[in-house]
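Quick notes on the structure that follows.
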Amino acid sequence: MNLKNALRIYHTIKYLKWKQVKFQLLYRFKALYYKAPNLVDVKLDKLPIWKPVLFNSKSYENGIFCFLNVEETFENTINWNFSDHGKLWTYNLNYFEFLNSKECSSQDGYKLIKDHSLQRDKLIDGLEPYPISLRIMNWVKFLAFHKINDSYINGVIANDTKILRDHLEFHILANHLLENIFALYMASIFLDDKVLYTKSLKLLKEELNEQILKDGGHFEQSPMYHQIILYRLLDVINFNISNKIDIDKLLISKVKKMLSWLEKISFSNGDIPYINDAAPDIAPTTVELLNYAKYLDINYLQLPLSDSGYRKVNTSNYEVVVDVANIASNYQPGHLHSDTLQFIMYFRGRPLFVETGTSTYEKNKLRNNQRSSAAHNTVAIGGRNSYDVWGGFRVGERSELKLHEDSDDKIEAELNLFFGGTHYRTFEFLNKTLIINDRVNSKYNVPHEAHFHIDYNRNVDNGTQENTFIIDGKILISFEHFTSIQLQKYNQTIGFNKTKEASKIVVTFANQLKTTIDL
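For the sequence shown, the UniProt record's numbering assigns the number 1 to the initial residue and increments by one for each residue that follows.
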């Protein structure tokens, strides 16, 4: 290992909590001797009640599975370890989200659960804590809804619950640990295990206090993961209500805050900004979650966006989300991108300026490119990233942001770059105009690149002057103090493993740049 790589690893692990290091070492040692508990039938006098409100989208039919926009057919026997489409696809196969779609019958679902149970000795990825967690929740909801009381399958759930308790993801923390705890909570109600219920509720409250910020945002700063965590929390409350179990006030309080944040950050057409790791068709939509809360008689608060680091400005013509965030989840930034000071803009309810997005979790060049500053509507200072994103889910050295002005008319921030220098960016919001001023102080005499990614449904043409472009024949974007301008093609993510060719403007400049968008 050379010095550069050693320093990168040091700057990555120095932010870890001691608990993460301890459990990383503990679980590596534990894997050498751990034996799963014996599987025994569990007879339940009665099943809890589950009243579904949201249904998952169809991902299974007649032996055909479709996850992440990739289909696979199993003719005779399902290979639950199938890995040709990557680890995330295999995970999805083992989540069993398809059970709780409107299209999955009780007969088909039961048959799939039974098949998986009989092959559990062969499972690889499916016995990791994260897929176990999601599978427990999906099995519990399906079995309770269809009133399937099978002693053998109940025993499998109890067995998976014990394995999960022995391997809670304290080495990862963040959303992984929350999913573990949600699974234990729902399993405790299903198995009527009051000791486990008490323990899981305690852990859940601790993690919600840790992970939900003051403005209601989830601390990993991904709107998609925020939706997923909120969905789990609503399910937990629904499960309690359906079975006449008292609901802890903290859970309601966190839901109200999370609903506020989600409503504030979402665009008027219901889209979330696909910031950090986020993609369409993975989580329930904002409208679905707001309606779910309404069904449970939960009203959301009206909290301003603050410590999540995002700001949203609305005029009569456009909506803009601006990223002025530092890393909130310093010890687990795996889903973050190098996107500080970027903006996403919608015009009359449709996307205008977007970002490249997230189409893969595979640890490859595409993943690294999609996390880079150049993949977002911000400036790549000297062609570099504002965060040292690497290894698929790693972040090394980090720049630090200071917010100087924060109003509905103007946002001004300063980014102190980890490799030296400062990037100042100002947004001025007028009714039909957005003005962006960039200024860079750097000891390196190298050009900087400002990137502007335009949605694939928009047409971009050269304007009448060198410094202008016309979008859809009426939206004018112009630049001042530039060195060169290029109109390039890029692949915009519209889902996992799914992209559309779109246009981006790349502007090279020396020290300052003024961008004006007239609508």
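In this text, a Cβ means the ideal position worked out from N, Cα and C, and glycines have one as well.
Starting from the C-beta of residue i, find all residues in its chain whose C-beta is less than 7 Å away, skip the five residues before and the five after it, and write them out in chain order.
{"i": "K102", "result": "F55"}
{"i": "T483", "result": "P447, T508, F509, A510"}
{"i": "E362", "result": "G86"}
{"i": "A283", "result": "M224, Q227, I228, Y231"}
{"i": "S386", "result": "S338, T340, S373, S399, L415, L417"}
{"i": "E61", "result": "E103"}
{"i": "I124", "result": "N81"}
{"i": "residue 541", "result": "It is not possible to answer for residue 541, since the shown part of the chain is limited to 1 through 519."}
{"i": "I78", "result": "D115"}
Using CA atoms only, rank isn't needed, just tell me which of the options is closest to residue i.
{"i": "S117", "options": "N159, V354, K244", "result": "N159"}
{"i": "L250", "options": "V287, L201, F219", "result": "L201"}
{"i": "F485", "options": "N497, Q465, G473, S386", "result": "This sequence places Ile at residue 485; Phe is not what is there. Nearest option by C-alpha distance: Q465."}
{"i": "V389", "options": "R367, S407, E400, I381", "result": "R367"}
{"i": "S503", "options": "Q488, I517, N497", "result": "Q488"}
{"i": "D45", "options": "S242, T422, A144, T286", "result": "A144"}
{"i": "E71", "options": "E207, I157, V321, N497", "result": "N497"}
{"i": "L233", "options": "F267, I132, A183", "result": "A183"}
{"i": "L134", "options": "Y110, T499, N94, K111", "result": "N94"}
{"i": "H335", "options": "S222, F429, E319, P52", "result": "S222"}
{"i": "L168", "options": "T422, G421, K199", "result": "K199"}
To the nearest angstrom, report how far apart residue i and residue j are at their CA atoms.
{"i": "D84", "j": "K402", "result": "45 Å"}
{"i": "S57", "j": "F96", "result": "12 Å"}
{"i": "L513", "j": "N317", "result": "24 Å"}
{"i": "N441", "j": "W139", "result": "56 Å"}
{"i": "L88", "j": "D277", "result": "14 Å"}
{"i": "K4", "j": "V354", "result": "33 Å"}
{"i": "T427", "j": "P304", "result": "Correcting the residue type first, residue 427 is Phe in the shown sequence and not Thr. Whole-angstrom Cα-Cα distance: 19 Å."}
{"i": "T468", "j": "L519", "result": "13 Å"}
{"i": "D248", "j": "L7", "result": "45 Å"}
{"i": "S253", "j": "P280", "result": "27 Å"}
{"i": "P48", "j": "K122", "result": "30 Å"}
{"i": "I435", "j": "A375", "result": "21 Å"}
{"i": "residue 521", "j": "N291", "result": "The structure shown has nothing for residue 521, since the chain only spans 1 to 519."}
For residue i, report the span of its alpha helix (DSSP H) as first-last.
{"i": "H146", "result": "129-146"}
{"i": "residue 590", "result": "Only positions 1 to 519 of the chain appear in this structure, which leaves residue 590 out of reach."}
{"i": "V195", "result": "194-211"}
{"i": "W390", "result": "Note, W390: premise wrong, no alpha helix (DSSP H); beta strand (DSSP E) at 387-390."}
{"i": "Y152", "result": "151-166"}
{"i": "D108", "result": "106-118"}
{"i": "T12", "result": "3-13"}
{"i": "D235", "result": "223-242"}
{"i": "I475", "result": "No alpha helix (DSSP H) contains I475, which is instead part of the beta strand (DSSP E) from 475-480."}
{"i": "Q20", "result": "18-30"}
Where do the ends of the beta strand (DSSP E) carrying residue i lie?
{"i": "G495", "result": "484-495"}
{"i": "S373", "result": "Looking at the DSSP string, S373 is not in any beta strand (DSSP E), and its letter there is neither H nor E."}
{"i": "Y318", "result": "318-323"}
{"i": "R350", "result": "350-354"}
Among the residues of its own chain, which have a CB less than 6 Å from the CB of residue i, if the five just before and after it don't count?
{"i": "N269", "result": "G349"}
{"i": "F74", "result": "G63"}
{"i": "F219", "result": "Q211, L213, A328, S329"}
{"i": "E412", "result": "H404, E405, T426"}
{"i": "T161", "result": "A187"}
{"i": "L203", "result": "I181"}
With a threshold of 9 Å between beta-carbons, can residue i be considered close to chain D, or not?
{"i": "K141", "result": "You won't find chain D in this structure, because it holds only one protein chain."}
Say the cut is 8 Å; is the CB of residue i nearer than that to a heavy atom of the ligand ATP?
{"i": "E449", "result": "Summarising the ligand content, the structure contains no ligands, and the ligand ATP is consequently not present."}
Please work out which residues of its chain come closer than 8 Å, Cβ to Cβ, to residue i, disregarding the five sequence neighbours upstream and downstream, and give them in chain order.
{"i": "V287", "result": "G270"}
{"i": "S59", "result": "F65, C66, F67, N92, E97, F98, S101"}
Indicate whether the contact test is met: 3 or more Cβ pairs, each with one atom in the region 506-515 and one in the region 449-459, closer than 8 Å. Yes, the region 506-515 is in contact with the region 449-459.
Can we say the region 461-479 touches the region 333-343, given the rule of at least three CB pairs closer than 8 Å? In short, these stretches do not touch, since the Cβ pair count stays below three.
Say whether the region 30-44 touches the region 147-155, bearing in mind that this needs 3 or more beta-carbon pairs closer than 8 Å, one atom from each stretch. yes
For the region 356-367 and the region 293-311, state whether three or more C-beta atom pairs, one from each stretch, are separated by less than 8 Å. no
Check whether the region 227-238 and the region 291-298 are in contact - that is, three or more C-beta pairs closer than 8 Å. yes
Within the chosen definition, does the region 251-261 reach the region 206-222 through at least 3 CB pairs nearer than 8 Å? With a cut-off of 8 Å on Cβ pairs, the region 251-261 is in contact with the region 206-222, counting three or more such pairs.
Stretch pair the region 19-26 + the region 159-175: three plus CB contacts closer than 8 Å: yes
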